[in-house]
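The structure under discussion appears below in the form of structure tokens.
Residue numbers (this note's numbering): 536 to 912.
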């Protein structure tokens, strides 16, 4: 679950990080009131769950109330990469002498939390990784001990070359690690972590992704979820207990098992197609669940074909086939449907499918190729 900058900053403050004050508002009047509260100059920052806000004109420096009125009015309602700005963060403007990047993420390779840091702060870290990968320092953190003092200080010294600043930055890294762990996050970033002209280190931006699988341990975090900012199809899928991610292609994929779903998407791309989604329906053959999955996929006007790729292990293929047939009979589906069922009772399933307009396939490759062919018609 992604959260907004102002929400991530609250979690950072709770961990002891020095973060400038600020509040979010959804109106120009609210922006003016907050600007008066904190004192000019202030920053007006769009709150959307995507990057590139500054380049899109979603972050503005304001010296006067007229600036606040103008920029807040322009930013609210702005479309940034398909995300509509409904709130802006008003925070005091800081004098910036130096900028750094500090981030934490889960590294599957080392199976540890990975500290990433760079002296090239204030720009997108993905661009730094592309243009100058050696500028990014990486340190896997042993979960038994956490981020130790000497480790953090060593990284900070490599970044700043100044012991006073390095000590502040090292403490900031350790507190970011605390925030990351306490929230069961999958990503936490400060970009930039700055030093002011007076040499004070502060986190003036914040990004945080929370692990959906750990939300049961943090009931209050559900209040941080911005339903307006979420993709409607992904929200409906979550409510239906379906794993779904919307993509940009035209081949709708309905698969059981996350691994098979990813392999299916890879194969679609391998044969020249583009998957429209990731959807793991799990082991259910319940027609109601199949209907809900189809409804979610068909919300996407780009979908030109639906591909079922089901492996029946414990789940019987004939039960799944009956569920698919019943679901499609209950719906008015205009696009072709390709079905590949393999596993327990697959021959019975194929006999059932032969009596329908569904397009059967015996192998995964055949199913994907047929789906791509149908999508091109």
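Backbone N, C-alpha and C fix where the C-beta goes; we use that ideal spot for every residue, glycine too.
{"Asked": "DSSP bridge partner residues for residue 633 (one or two, in chain order)", "Found": "730"}
{"Asked": "CB of residue 849 within 8 Å of CB of residue 841, strictly", "Found": "no"}
{"Asked": "Cβ contact (3+ pairs, closer than 8 Å) linking the stretch 812-827 and the stretch 785-800", "Found": "yes"}
{"Asked": "CB of residue 720 within 8 Å of CB of residue 547, strictly", "Found": "no"}
{"Asked": "Backbone CA spacing between residue 751 and residue 718 [nearest angstrom]", "Found": "11 Å"}
{"Asked": "Span of the beta strand (DSSP E) around residue 578", "Found": "577-581"}
{"Asked": "Cβ pair residue 611, residue 563 closer than 8 Å", "Found": "yes"}
{"Asked": "DSSP bridge partner residues for residue 913 (one or two, in chain order)", "Found": "The shown model of the chain, from 536 to 912, leaves out residue 913, and the question about it has no answer."}
{"Asked": "Inter-residue spacing [alpha-carbon to alpha-carbon] between residue 716 and residue 654", "Found": "24 Å"}
{"Asked": "According to DSSP, residues forming a beta bridge with residue 606", "Found": "In DSSP, residue 606 forms no bridge with anything."}
{"Asked": "Residue 750 beta carbon near the ligand SAH (any heavy atom closer than 7 Å)", "Found": "With respect to small molecules bound, the structure shown includes none, and the ligand SAH cannot be examined in it."}
{"Asked": "Closer than 8 Å to chain C by CB, residue 767", "Found": "No chain C appears in this structure, which consists of one protein chain only."}
{"Asked": "Beta carbon of residue 916 nearer than 8 Å to that of residue 637", "Found": "Given a span of 536 to 912 for the chain in the structure shown, any question on residue 916 remains unanswerable."}
{"Asked": "Simplified DSSP state of residue 814, which is helix, strand or coil", "Found": "strand"}
{"Asked": "Cβ shell of residue 810 (< 6 Å), same chain only, five flanking positions each side left out", "Found": "782, 784, 786, 788, 800, 803"}
{"Asked": "Exposure label - residue 740; buried when at least 16 CB within 10 Å", "Found": "buried"}
{"Asked": "Per-residue DSSP class, three states only, for residue 571", "Found": "helix"}
{"Asked": "Own chain partners of residue 856 with C-beta closer than 7 Å, once the 5 adjacent residues on each side are dropped", "Found": "876, 884, 887, 888"}
{"Asked": "Assigned secondary structure, residue 585 (DSSP; H/G/I helix, E/B strand, else coil)", "Found": "coil"}
{"Asked": "At least 3 beta-carbon pairs within less than 8 Å: the stretch 641-655 vs the stretch 618-629", "Found": "no"}
{"Asked": "Residue 858 burial status per 10 Å Cβ neighbour count (16 or more: buried)", "Found": "buried"}
{"Asked": "Local conformation of residue 841 per DSSP, three classes", "Found": "strand"}
{"Asked": "Touch test, the stretch 621-629 against the stretch 540-557, Cβ-Cβ under 8 Å, three pairs minimum", "Found": "yes"}
{"Asked": "Rounded separation between residue 590 and residue 854 - CA only", "Found": "52 Å"}
{"Asked": "Within the stretch 761-791, ranges of the alpha helix (DSSP H) (whole runs, at least 4 residues)", "Found": "767-774"}
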